[in-house]
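Novice:
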Amino acid sequence: MTSTAPGLPGRQAEARRNDERVLAVARDALADEGYDVSMAEIARRAGVGIGTLYRRYPSKDDLVTAVAISTMDWAADQAVAAIEAEGEAWSGFVDFLRRCVEQRPGDLRRLAGRIVSSPERLAASNRLGEALGALVEKVKRAGQLRQDVTAADVYLLLTLMRFPDPALNRRFLAIAVSGLRPDGAGLPEPAPSWPDLQRMWHLEPSSD
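Number 105 in full-length UniProt numbering belongs to position 105 of the sequence shown; there are no gaps in the numbering.
1) Just confirm the distance between the C-beta atoms of VAL22 and ALA46, as a whole number of angstroms; I'd bet it's less than 8 Å.
2) Leaving out five residues before and five after PRO192 in sequence, what residues of the same chain have Cβ atoms less than 6 Å from its Cβ?
3) Run the CB neighbour count on TYR57, radius 10 Å, all protein chains shown included, and call it buried at 16 or more, exposed below.
4) Quick check on VAL154: buried or exposed, where buried means 16 or more other Cβ atoms within 10 Å of its Cβ?
5) How many angstroms separate the CA atom of ASP36 from the CA atom of GLU120?
6) Give the secondary structure of ALA24 by DSSP, where H, G and I count as helix, E and B as strand, and everything else as coil.
7) With distances taken Cα to Cα, identify the nearest neighbour of VAL67 among GLU86, GLY92 and ARG114.
8) With burial defined as no fewer than 16 other Cβ atoms inside 10 Å of the residue's Cβ, what is the status of ARG199: buried or exposed?
9) Quick one: Cα of ASP208 to Cα of ASP62, how far?
10) Taking the alpha helix (DSSP H) that SER125 belongs to, which residues open and close that run?
11) Can you tell me whether DSSP reads MET72 as helix, strand or coil?
12) Leaving out five residues before and five after VAL64 in sequence, what residues of the same chain have Cβ atoms less than 6 Å from its Cβ?
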């Protein structure tokens with residue numbers, strides 16, 4: 001889950017790579033142990049000094065928020081790539097789901113409500129909602145996705161794929177994908193919206 005900007009000067013590029021590595025390690029540590037994992041343990045896993053970690057992220061809340069933003073930015077980038085991909089809309093959509101499941105998004109579900117709200121986090125959430133919504137609409141227009149499914153449905157579905165065995169995640173994703181086809185039976189209860197999802201995350205939804 002890297003996104004180092006091309007063309008950065010050498011030292012800046014190295015700093016960006018180091019930061020991405022710390023965020024990746026922190027993400028795994030939070031997935032393994034939850035919010036209670038210590039900053040010292042994250043520093044140990046990342047191979048950096050605790051002082052270095054605190055200079056970059058003065059508190060655990062700062063680090064956890066950065067992990068959340070990084071994860072949402074990555075997912076938004078993947079959704080945009082799926083929208084722009086050539087070929088069948090359904091294939092691009094399913095490839096997007098598979099890539100997301102490989103990143104184990106459900107492992108961070110336990111952090112819902114523990115991540116401090118901020119304008120940056122809200123902006124990342126809005127960008128993800130817009131990108132995922134555009135992808136969902138593309139597949140609907142192709143007649144390949146049921147019309148009563150929302151972007152929030154898709155995201156929540158991905159968070160359920162949190163088995164430690166990757167094979168089980170792939171199996172249950174395949175089962176879920178078959179239920180997203182447009183010929184499925186009608187769904188009970190109203191569909192969640194993206195603002196509904198943001199409220200679950202304790203974010204103030206956009207007024208747009």
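From the three backbone atoms N, C-alpha and C, an ideal C-beta is built for every residue, glycine too.
Specialist: On the basis of the coordinates in this document:
1) 5 Å
2) Counting only Cβ-Cβ distances below 6 Å, and skipping sequence neighbours, we find ALA152.
3) buried
4) buried
5) Taking C-alpha positions only, ASP36 is separated from GLU120 by approximately 23 Å.
6) helix
7) ARG114
8) exposed
9) Any reading at ASP208 must be qualified, since the residue scores a pLDDT of 48, below 50, and its modelled position is unreliable; no value is offered.
10) 119-141
11) helix
12) Contacts found: ILE115.
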